[in-house]
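Undergrad:
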Amino acid sequence: MVVFRSCLGDYRTRNECGWRFHGVTHVKDHTWPTVPAGTGRMLIVPLGSIEQHGPHLPLDTDGVIALALATEIHESRTQADLTPLIPLAASGEHSGFAGTLSIGTDAMFLMLIELVRDAERNWDSVLLVNGHGGNASALKSAISTARSEGRRVAVTGIFADHGDAHAGRTETSLMLFLDPERVVQESYEVGNPASLTELLPLITSSGVRAVSHNGILGDPRGASAAEGEAIFKSSVQRALAVCDALDSAH
547 MVVFRSCLGD YRTRNECGWR FHGVTHVKDH TWPTVPAGTG RMLIVPLGSI
597 EQHGPHLPLD TDGVIALALA TEIHESRTQA DLTPLIPLAA SGEHSGFAGT
647 LSIGTDAMFL MLIELVRDAE RNWDSVLLVN GHGGNASALK SAISTARSEG
697 RRVAVTGIFA DHGDAHAGRT ETSLMLFLDP ERVVQESYEV GNPASLTELL
747 PLITSSGVRA VSHNGILGDP RGASAAEGEA IFKSSVQRAL AVCDALDSAH
């Protein structure tokens, strides 16, 4: 058994069942009478994906990152509860690559808005921790709808100034920090280095495969665990600021 140590703490271990977070109480681990009660409680929901991340990163990269961020936020809050990772997303732009599973934007929106509505019975607010950029449209619509209904909800995720778009230096650095054993460094390849703004129209119409033969938007060479740690810690601080703003919203 390998023990994972980082700024997340010493509670993450890996065995034949995969990664497990010890010392973290998920909502799913409660019985109904033991679900924490009280005003001011926040529900934290990590959102991942199953989609290609080039030849060097696993299909669940977004989920690894989102769950790690959500877990760190949860550990920093006294009035918060953590759900299991939602592993599927709106990933249709990656459907040109094997292994990608997408539920589409419409289904993602419906799941998010119904989840936020139902959570109101037990929690005062919901924080969605998003690991996948393709969820942006569904998240925007769900949050707008929920807020128009008077619900308290916000979204956060990884913030990397000048980061590349997909499976490049940014995500590879994060994975080298969070889950280095699963990064296939000998399979690094250069992807399309153009900005996402430049590529987005063709990606939207024809998918990532139309702009990158290997699925990479960026260049993973030069990625490092140290850079990933810096990005992660900065994102945690930004996420906690989002939590503070959500707490003060009425």
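For what it's worth, the numbering used here labels the leading residue of the sequence shown as 547, then goes sequentially. Each residue gets a CB set at the ideal place from its N, CA and C atoms; glycine is no exception.
(1) Going by DSSP in three states, Thr629 sits in which element: helix, strand or coil?
(2) Excluding the 5 residues preceding and the 5 following Phe643 in the sequence, name in chain order all residues of the same chain whose CB lies nearer than 7 Å to its CB.
(3) Could you check where the beta strand (DSSP E) with Ser671 kicks off and where it finishes?
(4) Indicate the three-state DSSP secondary structure (helix, strand or coil) for Leu589 in the structure shown.
(5) Let me know the secondary structure DSSP gives Phe567 once reduced to three states.
(6) Pull up the distance between the alpha-carbon of Ala626 and that of His640, whole angstroms please.
(7) Answer yes if the segment 712-729 comes into contact with the segment 685-695, meaning at least three C-beta pairs across the two stretches below 8 Å, and no otherwise.
(8) Give a yes or no on whether the minimum CB-CB distance between Pro633 and chain B is below 8 Å.
(9) If you follow the alpha helix (DSSP H) that Gly864 is in, where does it begin and where does it stop?
(10) In terms of residues, what are the limits of the alpha helix (DSSP H) holding Gln731?
(11) Which partner residues does His599 have in the DSSP bridge list?
(12) If distances are taken between C-alpha atoms only, which option among His602, Gly594, Asp575 and Asp670 comes closest to Asp793?
(13) Roughly how many angstroms lie between the CA atoms of Glu666 and Ile649, to the nearest whole one?
(14) Indicate whether Arg767 and Phe705 have their beta-carbon atoms separated by less than 8 Å.
(15) Measure the alpha-carbon distance for Pro582 versus Gly696 and round it to whole angstroms.
(16) Got a sec? Which residues, its chain only, sit under 6 Å from Gly703 by beta carbon, not counting five neighbours each side?
(17) CB Leu647 to CB Ile611, shorter than 8 Å?
(18) Looking only at C-alpha atoms, which of Ser683, Gly594 and Ser694 sits nearest to Phe655?
(19) Straight-line CA distance for Leu722 to Val730?
(20) Measure the alpha-carbon distance for His568 versus Leu631 and round it to whole angstroms.
TA: According to the structure shown:
(1) Thr629 falls in the coil class under three-state DSSP.
(2) Once the five neighbours on either side are set aside, the close Cβ partners of Phe643 are Gln598, Arg755 and Gly761.
(3) From DSSP, the beta strand (DSSP E) with Ser671 extends over Ser671 to Asn676.
(4) Of the three classes helix, strand and coil, the one that applies to Leu589 here is strand, per DSSP.
(5) Only weak support is given to the placement of Phe567: the predicted model assigns it a pLDDT of 49, under 50, and the question is left unresolved by the model.
(6) Their Cα atoms are separated by approximately 33 Å.
(7) Segments in contact, no.
(8) No chain B appears in this structure, which consists of one protein chain only.
(9) Any property of residue 864 remains undetermined from this structure, which presents the chain solely from 547 to 796.
(10) Here Gln731 belongs to no alpha helix (DSSP H), and DSSP marks it neither H nor E.
(11) His599 pairs with Pro601 and Leu603.
(12) Distance from the Cα of Asp793 is smallest, within the candidate group His602, Gly594, Asp575 and Asp670, for Asp670.
(13) Distance between the alpha carbons of Glu666 and Ile649: 25 Å.
(14) The answer is no: Cβ separation not under 8 Å.
(15) When rounded, the distance between both Cα atoms is 23 Å.
(16) For Gly703, where only same-chain residues beyond five positions count, the Cβ hits under 6 Å are Asn676.
(17) For the 8 Å CB-CB criterion, Leu647 and Ile611 do not form a contact.
(18) Of the candidates Ser683, Gly594 and Ser694, the one whose C-alpha sits nearest the C-alpha of Phe655 is Ser683.
(19) Taking the CA atoms as reference points, Leu722 sits about 10 Å from Val730.
(20) Confidence at His568 is low in this model, with a pLDDT of 48, below 50, so its placement is unreliable and the value that follows should be read with caution. Distance between the alpha carbons of His568 and Leu631 is about 15 Å.
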